[in-house]
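Chemist: Right, I'll just put the structure down here and ask away after.
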Amino acid sequence: MKLSKQSIATFLALLFHGCGLIGILFTPYRDWFIRHTALNLGLMGLLLIWTQPVKNARFFLFILTAFLVGMGTEMIGVNTAKLFGHYQYGTLLGPKLNGVPYLIGANWFVVILCAASVMESMHDWFRHKMEAAGSLLPPRLALISLVVDGALLALLFDWIMEPVAMKLGFWQWENQDIPLFNYTCWFLISLFLLLVLKMLRLNKPNHFAVHLFFIQCLFFLTLRTFLVL
35 MKLSKQSIAT FLALLFHGCG LIGILFTPYR DWFIRHTALN LGLMGLLLIW TQPVKNARFF
95 LFILTAFLVG MGTEMIGVNT AKLFGHYQYG TLLGPKLNGV PYLIGANWFV VILCAASVME
155 SMHDWFRHKM EAAGSLLPPR LALISLVVDG ALLALLFDWI MEPVAMKLGF WQWENQDIPL
215 FNYTCWFLIS LFLLLVLKML RLNKPNHFAV HLFFIQCLFF LTLRTFLVL
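Printed below as a string of C-alpha cells:
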C-alpha cells in the first residue's frame with residue numbers, strides 16, 4: 035500500500051511532537067529537546083510546503099508575504115514595543131535579524147496556513163450542508179466569516195502557546211506579563227495575512243495543515259497543563 039504525502043507528513047508531525055512532549059516532560063534530557071525546537075519548527079514548515087496541493091507562484095508569494103510581514107512586525111515589536119508589547123527573544127530559536135529569529139517569520143506562515151486550512155475545511159462542510167438544504171451562503175459573508183474566524187483561530191493558538199513559550203525560554207515578556215495588546219496585534223496581523231491568502235485565491239485546503247494545527251494545539255495544551263498551570 036502506497037502512503038500519501040498527507041499520511042507521511044502527519045506521521046512525522048505526530049512522531050516529532052510526541053517525542054518532544056515525552057522528552058520535555060518525562061526524561062532527564064529536557065534541555066536537549068528544548069534546544070532542538072528550531073529543528074521541529076523548520077521541519078513542519080517544509081512538510082507544509084511539500085504537502086501543499088497546488089504549489090504555484092501565488093503560493094510562494096504568500097510564503098514570502100507571511101515571512102516578511104511576520105519578521106517586520108516582530109522587529110517593530112521587539113525594538114520599539116509599538117506592536118505586541120515589551121518582549122525579547124531568547125537564543126533557542128536560532129539566528130536572528132534585529133532581535134527576531136528567522137524561524138518566527140516562518141512560523142507566521144505555518145500558523146496562518148494552518149488556521150486558513152482548518153476554516154476552509156469547515157466552510158466546505160458547512161457549504162455542502164447548506165446546499166443540501168437548498169440554501170446558499172452569500173459570497174461576501176463567506177469571505178468575512180473565513181477571514182475573521184481564521185484570525186480568531188490563530189489568536190486561540192497564540193493564547194495556548196504564549197505561557198508555554200515563556201516557560202521554555204523561547205521569549206520573555208516584561209514583568210512576565212502577557213499584555214492584551216499582544217493578542218490585539220496577533221488578531222489584526224492574522225486578519226491581514228488571511229485576507230492576502232484569499233486575494234491570492236489559494237482556496238484549496240491543505241489537509242496536513244489541518245492535522246498539524248490540532249497536533250500543535252494538543253502539544254502546547256499538554257505542556258501548558260503540566261508546566262504552567
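Positions in the sequence shown are counted from 1; adding 34 to them yields the working numbering. Don't be surprised by glycine CBs; every beta carbon is placed ideally from N, CA and C.
1) Which first and last residues belong to the alpha helix (DSSP H) in which Gln250 is found?
2) Mind checking which residues open and close the alpha helix (DSSP H) that includes Tyr121?
3) Our contact map puts Ala150 next to Leu231 with C-beta atoms below 8 Å; I'd like the distance itself, whole angstroms only.
4) Would you report the Cα separation of Phe191 and Cys251, rounded to the nearest angstrom?
5) Taking just the CA atoms, how far does Ser41 sit from Leu257?
6) Would Asn216 pass as a contact of Tyr123 if the rule is Cβ separation under 9 Å?
7) Please report the straight-line C-alpha distance between Leu177 and Asp65, rounded to a whole angstrom.
8) Using CA coordinates, which residue listed in Val262, Leu236, Phe254, Phe248 is at the minimum distance from Lys89?
9) So, for Val244: in the same chain, excluding its five sequence neighbours on each side, which residues have a beta-carbon less than 8 Å away from its beta-carbon?
10) Assuming Leu225 contacts Phe96 (C-beta within less than 8 Å), just tell me the rounded distance between them.
11) Pair every Cβ in the segment 106 to 115 with every Cβ in the segment 68 to 87, then say whether three or more of these pairs are closer than 8 Å.
12) Report the rounded CA-to-CA distance for Tyr136 versus Gly128, giving the unit in angstroms.
13) Check the C-beta distance from Ala199 over to Trp205 and give it rounded, since I have them as a contact under 8 Å.
14) Do Ile58 and Leu261 have their C-beta atoms within less than 9 Å of each other?
15) Ends of the alpha helix (DSSP H) at Gln40?
16) List the residues that DSSP assigns as beta-bridge partners of Leu131.
Modeler: In terms of the structure at hand:
1) 241 to 257
2) It is not in any alpha helix (DSSP H) - Tyr121 instead sits in the beta strand (DSSP E) that spans 121 to 123.
3) 5 Å
4) 7 Å
5) Straight through space, the alpha carbons of Ser41 and Leu257 are spaced by roughly 25 Å.
6) In this structure, Tyr123 does not lie closer than 9 Å to Asn216 by Cβ.
7) Their Cα atoms are separated by approximately 44 Å.
8) Leu236
9) Cys148, Ser151, Val152, Ser155
10) 15 Å between Cβ atoms; not a contact.
11) no
12) 7 Å
13) 6 Å
14) yes
15) 39 to 60
16) Val134
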